[in-house]
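Asker: The structure that follows is given in the form of structure tokens.
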Amino acid sequence: KEAARLAAGALAPGDQIGVIAFNDRQEWLVPFATIEGAGSLEEINRRIETLEPDGGTEILPALSVGLDAIRNADADARHIVLLSDGKARTGTRESYQRLLDDVLADRTTLSTIALGADADTDLLNFLADEAGGRYHFATRDEDIPVLTLQEARSAGSQSVIRGSFRPIQTAPSPILAGIDPATLPDLAGYDFAEAKPDAQVVLTSDREDPVLAKWQYGLGRVVAWTADDGSDLAAPWSNWADNDAFWAAMVRWALPDPERRPLTVSSARSGEDVVLTVSATGAAQDQPQSLPTFATVRSATGETIASQALVPSGPGEYTLRLHAPDAGAYAVDVRQERPDGVVSELASVTVPPSPERLPDPGAGARLRSIAERTGGRLLSLDAPGAVWDAPPPAGGELREHRAVWRFPVGLALLMFILEIATRMGIWHVVRSVLRPVRRG
Numbered sequence: 001k002e003a004a005r006l007a008a009g010a011l012a013p014g015d016q017i018g019v020i021a022f023n024d025r026q027e028w029l030v031p032f033a034t035i036e037g038a039g040s041l042e043e044i045n046r047r048i049e050t051l052e053p054d055g056g057t058e059i060l061p062a063l064s065v066g067l068d069a070i071r072n073a074d075a076d077a078r079h080i081v082l083l084s085d086g087k088a089r090t091g092t093r094e095s096y097q098r099l100l101d102d103v104l105a106d107r108t109t110l111s112t113i114a115l116g117a118d119a120d121t122d123l124l125n126f127l128a129d130e131a132g133g134r135y136h137f138a139t140r141d142e143d144i145p146v147l148t149l150q151e152a153r154s155a156g157s158q159s160v161i162r163g164s165f166r167p168i169q170t171a172p173s174p175i176l177a178g179i180d181p182a183t184l185p186d187l188a189g190y191d192f193a194e195a196k197p198d199a200q201v202v203l204t205s206d207r208e209d210p211v212l213a214k215w216q217y218g219l220g221r222v223v224a225w226t227a228d229d230g231s232d233l234a235a236p237w238s239n240w241a242d243n244d245a246f247w248a249a250m251v252r253w254a255l256p257d258p259e260r261r262p263l264t265v266s267s268a269r270s271g272e273d274v275v276l277t278v279s280a281t282g283a284a285q286d287q288p289q290s291l292p293t294f295a296t297v298r299s300a301t302g303e304t305i306a307s308q309a310l311v312p313s314g315p316g317e318y319t320l321r322l323h324a325p326d327a328g329a330y331a332v333d334v335r336q337e338r339p340d341g342v343v344s345e346l347a348s349v350t351v352p353p354s355p356e357r358l359p360d361p362g363a364g365a366r367l368r369s370i371a372e373r374t375g376g377r378l379l380s381l382d383a384p385g386a387v388w389d390a391p392p393p394a395g396g397e398l399r400e401h402r403a404v405w406r407f408p409v410g411l412a413l414l415m416f417i418l419e420i421a422t423r424m425g426i427w428h429v430v431r432s433v434l435r436p437v438r439r440g
């Protein structure tokens, strides 16, 4: 009874619910209907109170009756929760499978809650798994209402919960700094979600589901917005005067604050070498004595290039010289031992090519000058076919030209065939064939 009451209370006006009591026959304890408000909830609870355990267990007919009712519901999500010991007296896996195929075809999901230590967990697990739902085992009686409540709340998790409402601010946040909550536009719906235990819910729906939540894990930050970008559910927000400021504040809060990073890593070329500089921030920057600082440098392939202690180079600064590293990206894992504990930082640096290997910006002009002085041409990689164009002879026009590429290509092909024949030992076979001919 408590489980059914909690499930009904977790739904919002506009949701639909029905409760079937069954043993060897089925009875609609609460006929499938729409929740209109507090009055209809009271009537639902009154009907649930009449539930009494009695008789055996016939799951298949009860599920069939429930599916017939829910398949006609005009809803984004259809969900059935079966509470039973699973010890059905009739029904085979084949008959259950046919019913479950109908469940999936009607875009409905089925979850099961096993009751009692001797419950048929195999059957109940099979039903939930095949119908896209979840299987639960209630080890204690007090677990049954909690598990049923979870399933009722997750019924909308399959899609969007629609309905106009104004978000409710439940906690102060820098994201809403300077924004009057009363000016927040309405939303047309949201994706159902549950907040993590350590998350701070900033905005909720009218049914207390999270709409805006933020979470900090170590130095990392996450923001969850369960509406959309304004194309559908949050369409009124596109014309809201503070819309740009709201999104900017959300992104700004999620981005890392450079001032709060315990260590920063930079790189600079020194001839063929590259010097990595690690700078401490905060109180460690003003330490009169150097702190043990270590770095491990790895290439893009994961190969360790260097792993050693850094050399103090100034107040709060430490350096590591890499001897002639190849150009490319490197991961730098820095660890510093401070009086209040060990801090670490993972950074990436990019080593540019050596200046000697960079293209000479004046090379093009020199090549053009050489070509003009020798009567040649300056060719371009953008038109590689021009290399086959015969240049005009000095002092006159070209009267005739003939393609000669066939001769070297044919010779190369012949040499290729001979080389393969040699590798295969064909000449030994030829000699063995010709030897009797010469003797005759």
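Residue numbering for the sequence shown follows my numbering, starting at 1 and increasing by one per position.
Where a beta carbon is used, it is the ideal one built from N, C-alpha and C, also for glycine.
#1: Helix, strand or coil for S205, going by three-state DSSP, please let me know.
#2: Among the candidates A280, R335, S354, whose CA atom is the shortest distance from the CA of A268?
#3: Should G156 be labelled buried (16 or more other beta-carbon atoms within 10 Å of its own) or exposed?
#4: What are the start and end residues of each continuous beta strand (DSSP E) run of 3 or more residues lying completely inside the region 271-326, in chain order?
#5: If you draw a straight line from the alpha carbon of G302 to that of D118, how long is it in whole angstroms?
#6: Determine the burial state of D15: buried for a count of at least 16 other Cβ atoms within 10 Å of its Cβ, exposed for fewer.
#7: With a 10 Å radius around its C-beta and 16 neighbouring C-beta atoms as the bar for buried, classify D360 as buried or exposed.
#8: Hey, quick one: how far does the beta strand (DSSP E) through A138 stretch, first residue to last?
#9: Going along the chain, which residues of its own chain have a beta-carbon closer than 8 angstroms to the beta-carbon of P210, five neighbours each way excluded?
#10: Under a three-way DSSP split, which group does Q158 fall into?
#11: Is the distance from the Cβ of V265 to the Cβ of V343 below 9 angstroms?
#12: Along the chain, where does the beta strand (DSSP E) containing G425 start, and where does it finish?
#13: Starting from G163, follow its DSSP beta bridges and name the residues at the other end.
#14: Measuring straight from C-alpha to C-alpha, what distance separates S64 and A77?
#15: Below 9 angstroms between beta carbons: does that hold for D333 and V297?
#16: Hey, how far is the Cα of D229 from the Cα of W247?
#17: Of the choices D24, A69, G376, D101, whose alpha-carbon is the least far from that of V30?
#18: Does the pairing of the region 123-130 with the region 95-109 give three or more beta-carbon distances under 8 angstroms?
#19: Just reading off the beta strand (DSSP E) that F32 is part of, what are its end residues?
#20: Helix, strand or coil, according to DSSP, for I179 in the structure here?
#21: Where does W405 sit, in a helix, a strand or coil, going by DSSP?
#22: With C-beta atoms as the reference, is A33 less than 9 angstroms away from I48?
#23: Tell me which residues share the same chain as I426 and place their Cβ nearer than 6 angstroms to its Cβ, disregarding the 5 neighbours each side in the sequence.
#24: Once you ignore the five residues that flank R207 on each side, which residues in its own chain have a CB closer than 7 angstroms to its CB?
#25: May I have the straight-line CA-CA distance separating R321 from E272, to the nearest angstrom?
#26: Specify the secondary structure class of P384 as computed by DSSP and reduced to three states.
#27: With burial defined as no fewer than 16 other Cβ atoms inside 10 Å of the residue's Cβ, what is the status of M250: buried or exposed?
Answerer: To lay it out plainly:
#1: coil
#2: S354
#3: Note that G156 scores a pLDDT of 48, beneath 50, so its modelled location is shaky and nothing firm can be said.
#4: 273-280, 293-299, 304-309, 311-314, 317-322
#5: 53 angstroms
#6: buried
#7: exposed
#8: 132-138
#9: A193, E194, A195, A199, V201, L203, T204, A224, T226
#10: Because Q158 sits at a pLDDT of 43, beneath the cut-off of 50, its placement in the model cannot be relied upon, and the following sentence gives the value as read from the coordinates. Three-state DSSP puts Q158 in a helix.
#11: no
#12: Here G425 belongs to no beta strand (DSSP E), and DSSP marks it neither H nor E.
#13: Per DSSP, none; premise fails for G163.
#14: 18 angstroms
#15: yes
#16: 10 angstroms
#17: A69
#18: yes
#19: 26-34
#20: coil
#21: coil
#22: no
#23: none
#24: A12
#25: 11 angstroms
#26: helix
#27: buried
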